[in-house]
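For the numbering used here, count along the sequence shown from 1 and bump the result up by 16. Everything below concerns the one structure shown next.
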Amino acid sequence: MRISERLARRLGAREARPGTSHGEQRLCNIVDEVCIAAHMPRPQVMVLPRHEAINAFATGWDPDDAVVAVTQGALDLLTRDELQGMVAHECSHIHEGDTRLNMQLAGMVSGLELVWGFGETVRERGGFAMLFGTAIMATGVAGWTAGRMLQASVSRQREFLADARAVQWTRSRDGLGGVLRKALTQKERAEDRPSDPAWPPTAQHLLLLGAVDDREGWFAAHPPLAVRIQRIYGRSMPAIPLDRAAAVTWA
Numbered sequence: 017m018r019i020s021e022r023l024a025r026r027l028g029a030r031e032a033r034p035g036t037s038h039g040e041q042r043l044c045n046i047v048d049e050v051c052i053a054a055h056m057p058r059p060q061v062m063v064l065p066r067h068e069a070i071n072a073f074a075t076g077w078d079p080d081d082a083v084v085a086v087t088q089g090a091l092d093l094l095t096r097d098e099l100q101g102m103v104a105h106e107c108s109h110i111h112e113g114d115t116r117l118n119m120q121l122a123g124m125v126s127g128l129e130l131v132w133g134f135g136e137t138v139r140e141r142g143g144f145a146m147l148f149g150t151a152i153m154a155t156g157v158a159g160w161t162a163g164r165m166l167q168a169s170v171s172r173q174r175e176f177l178a179d180a181r182a183v184q185w186t187r188s189r190d191g192l193g194g195v196l197r198k199a200l201t202q203k204e205r206a207e208d209r210p211s212d213p214a215w216p217p218t219a220q221h222l223l224l225l226g227a228v229d230d231r232e233g234w235f236a237a238h239p240p241l242a243v244r245i246q247r248i249y250g251r252s253m254p255a256i257p258l259d260r261a262a263a264v265t266w267a
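Following this line, the structure appears as C-alpha cells:
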C-alpha cells in the first residue's frame with residue numbers, strides 16, 4: 017500500500033466505488049476531467065463516508081503517488097460545478113508540489129518535537145543534566161514554534177494559489193466560490209448537526225477547509241473564508257444555503 021493511501025485510510029477514507037454510488041461515479045468522472053485539463057496523472061480517488069461536512073484533502077509525494085479524498089457531505093451537498101471546483105483545488109496542490117512540501121514541513125515540525133522530548137528525558141536525570149535538559153527543551157520549543165509558524169504561513173499562501181488555479185482550470189468562479197460560500201453556512205450551522213469525526217491537528221494543513229478557517233493568527237493553516245471568497249469574486253459575497261436536492265445532478 018502506498019504511503020499516500022495509507023495516510024488517507026488513517027484519516028478515515030476508503031476507495032471510491034463508482035459502480036455502486038451515483039455520487040461517487042460523478043466524483044470519479046470529475047477527477048478524470050480535471051486531470052485531462054491539467055495534463056496530470058489521475059490520482060487515486062477516495063471518499064470519507066463518516067464525514068457529513070463539506071471538506072476534502074489531497075496527499076502524496078508526487079503526481080504518480082497521490083490521493084484525492086472528499087467527504088460524503090461534499091458528495092451530498094455540492095452541485096457538479098462546485099464539486100469540480102473542489103477537485104480542481106485539490107489537484108492543484110498535487111500539480112504544484114504542495115502535497116510533497118506539506119509532508120516535508122510536517123516531518124520537520126515533528127522532528128523539532130522530538131528535540132523537546134529528548135530534552136525532557138535528559139532533564140529527568142537530575143543534577144547538572146536538569147539544566148542541560150532545560151536548555152534543550154527551550155531550544156526545541158523555540159524551533160517547534162518557528163516551524164509551526166512557517167508551516168502555517170506556507171499553507172495559507174498555497175491555499176490562495178490553489179484557489180486561483182481551480183478558477184483557471186474550471187473557468188468558473190462559482191464552482192469553488194460556491195463551495196466556500198456553502199462552507200460559511202456550514203460553519204454557522206455547526207452546532208445544529210452531529211459532530212463529524214475529529215481531524216487530527218497534524219492533518220489540518222491538508223484540508224480544503226480547516227477547523228480554524230476564520231481565526232486569524234500566525235498558526236492558522238488556512239486564510240479566513242471571507243478573504244478567500246473576496247479574492248475569487250473581487251468583492252464580498254453572501255453565504256449559500258445547503259440544499260441536498262439542488263445538488264443532485266447527472267454524472
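Just so it is clear, CB atoms sit at the ideal spot from N, CA and C, and this is done for glycine as well.
For residue i, three-class secondary structure by DSSP
| i | result |
| --- | --- |
| D229 | With a pLDDT of 45 at D229, under the threshold of 50, the predicted position of this residue should be treated as unreliable, and no value is reported. |
| L147 | helix |
| L99 | helix |
| R247 | helix |
| E31 | strand |
| M62 | strand |
| I19 | helix |
| L177 | helix |
| L223 | strand |
| H55 | coil |
| G142 | coil |
| I256 | coil |
| W215 | coil |
| A237 | coil |
| T36 | coil |
| I188 | In the sequence under discussion, the amino acid at residue 188 is Ser, which differs from the Ile named in the question. DSSP places S188 in coil when its eight states are reduced to three. |
| R164 | helix |
| R197 | helix |
| R205 | coil |
| D48 | helix |
Per-residue burial, residue i [other beta carbons within 10 Å of its own, 16 or more giving buried]
| i | result |
| --- | --- |
| L130 | exposed |
| E140 | exposed |
| R181 | buried |
| R251 | exposed |
| R164 | buried |
| Q184 | exposed |
| A32 | buried |
| P59 | buried |
| I19 | exposed |
| H221 | buried |
| A219 | buried |
| A168 | buried |
| D229 | For D229, the predicted structure reports a pLDDT of 45, less than 50, and the residue's modelled location is therefore unreliable. The matter cannot be settled from this model. |
| T36 | exposed |
| I248 | buried |
| I52 | exposed |
| G127 | exposed |
| R22 | exposed |
| G143 | exposed |
| P254 | exposed |
| D48 | exposed |
Whole-number beta carbon distance between residue j and residue i, since they are thought to touch under 8 Å
| i | j | result |
| --- | --- | --- |
| D179 | L200 | About 15 Å separates the two Cβ atoms, so there is no contact after all. |
| G194 | I256 | 6 Å |
| I245 | R197 | 6 Å |
| M56 | P79 | 5 Å |
| T75 | A145 | Not really, about 40 Å apart at Cβ, beyond 8 Å. |
| R26 | P65 | Wrong, their Cβ atoms sit about 15 Å apart, outside the cutoff. |
| V170 | L117 | 7 Å |
| I46 | L94 | Contact doesn't hold; Cβ gap of about 10 Å is too wide. |
| G28 | P216 | About 10 Å separates the two Cβ atoms, so there is no contact after all. |
| R96 | R172 | Not quite, the Cβ-Cβ distance comes to about 29 Å (not below 8 Å), so this is no contact. |
Closer than 7 Å: residue i CB and nearest the ligand GTP heavy atom
| i | result |
| --- | --- |
| I256 | Here there are no bound small molecules, and the ligand GTP is not part of this structure. |
Cutoff 8 Å: residue i Cβ touching any chain C Cβ
| i | result |
| --- | --- |
| F176 | Looking at the structure shown, chain C is missing, and only one protein chain is on hand. |
- [ ] Count the C-beta pairs between the segment 84 to 91 and the segment 62 to 70 that are closer than 8 Å, then say yes if the count reaches three, no if not.
- [x] yes
Task: Inter-stretch contact at 8 Å, needing at least 3 Cβ pairs: the segment 237 to 251 / the segment 78 to 88 - done: no
Task: At least three beta-carbon pairs within less than 8 Å, the segment 130 to 144 to the segment 190 to 206 - done: no
TODO: Kindly confirm or deny that the segment 181 to 197 and the segment 144 to 154 touch, where touching means at least three C-beta pairs closer than 8 Å.
DONE: no
Open item on the list: My parser needs the alpha helix (DSSP H) runs of 4 or more residues fully inside the segment 65 to 120; what are they?
Closed with: 88 to 93, 96 to 111
Open item on the list: For the structure I just gave you, are there three or more beta carbon pairs, one from the segment 74 to 84 and one from the segment 102 to 110, closer than 8 Å?
Closed with: yes
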